[in-house]
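Using the numbering used here, you'd call the opening residue of the sequence shown number 456 and step up by one each time.
Cβ coordinates follow ideal geometry from the N, Cα and C atoms, glycine included.
Written below as structure tokens is the structure these notes are about.
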Amino acid sequence: MNAQLCTSLVLACLLSAAASSQAASFWERLGLKRSSAEKAAATLGLSEEEITQGLKAALDKGVQSAVATLSRDGGFLQDAAVRIPLPESLATVERGLRAVGQGPLADEFVTTMNRAAEKAVPQAAEVLGQSIRQMTLSDVQT
456 MNAQLCTSLV
466 LACLLSAAAS
476 SQAASFWERL
486 GLKRSSAEKA
496 AATLGLSEEE
506 ITQGLKAALD
516 KGVQSAVATL
526 SRDGGFLQDA
536 AVRIPLPESL
546 ATVERGLRAV
556 GQGPLADEFV
566 TTMNRAAEKA
576 VPQAAEVLGQ
586 SIRQMTLSDV
596 QT
């Protein structure tokens, strides 16, 4: 399960890095100059198309792994790393509920949020999948 979570986090980092237009180039964020990355690809004898297809395959696999992990019953609720807690803005409400013996209402709300997230994961995967299929190497580099 930790490997799947790591894959999910790597996927999220890659996608956020690729989507960030204000930061330096993708390669520079990885500590590589663009020319270094291009030289590495040339050394391996990989074309831009092969690199793009490999990246797409890796991202697709990461999405599939994240969906399998997070969309199952307890995918969010039972994993402290991704569990959605009660929002801070409701902390005083939670304390009040617990003070009058109604803590289960707060717990039920947290459970409901996490179950909703589990059900939303496959839909998010569809959006990510479409983005991955349309991605080009230049999308990642900028």
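query: Can you tell me the Cα-Cα spacing of Thr566 and Ile506, whole angstroms?
result: Taking the first residue of the sequence shown as 1, we reach residue 566 at position 111. Taking the first residue of the sequence shown as 1, we reach residue 506 at position 51. It is roughly 41 angstroms from the alpha-carbon of Thr566 to the alpha-carbon of Ile506.
- request: With DSSP collapsed to three states, give me the class of Ala546.
  value: Taking the sequence shown and counting its residues from 1, the one referred to as residue 546 is at position 91. Ala546 falls in the helix class under three-state DSSP.
- request: Work out the CA separation of Ala554 and Met590 for me, nearest whole Å.
  value: The residue given as residue 590 occupies position 135 in the sequence shown. The residue given as residue 554 occupies position 99 in the sequence shown. Each residue's Cα considered, the two are about 52 angstroms apart.
Check whether Ile587 and Lys511 have beta carbons under 8 angstroms apart: The residue you call residue 587 lines up with position 132 of the sequence shown. The residue you call residue 511 lines up with position 56 of the sequence shown. In this structure, Lys511 lies closer than 8 angstroms to Ile587 by Cβ.
- prompt: Taking contact to mean at least 3 C-beta pairs separated by less than 8 angstroms, is the segment 542-562 in contact with the segment 519-526?
  reply: Judged by Cβ distances under 8 angstroms, the segment 542-562 makes no contact with the segment 519-526, as fewer than three pairs qualify.
message: Do Glu573 and Gly530 have their beta-carbon atoms positioned less than 8 angstroms apart in this structure?
response: Residue numbering aside, residue 530 sits at position 75 when the sequence shown is read from its first letter. Residue numbering aside, residue 573 sits at position 118 when the sequence shown is read from its first letter. A Cβ-Cβ contact shorter than 8 angstroms links Gly530 with Glu573.
task: Return the Cβ separation of Gly584 and Val518 in integer angstroms, given the expectation that the two are a contact with Cβ distance under 8 angstroms.
output: The count along the sequence shown starts at 1 and reaches residue 584 at position 129. The count along the sequence shown starts at 1 and reaches residue 518 at position 63. The pair is a contact, with the Cβ atoms about 6 angstroms apart (cut-off 8 angstroms).
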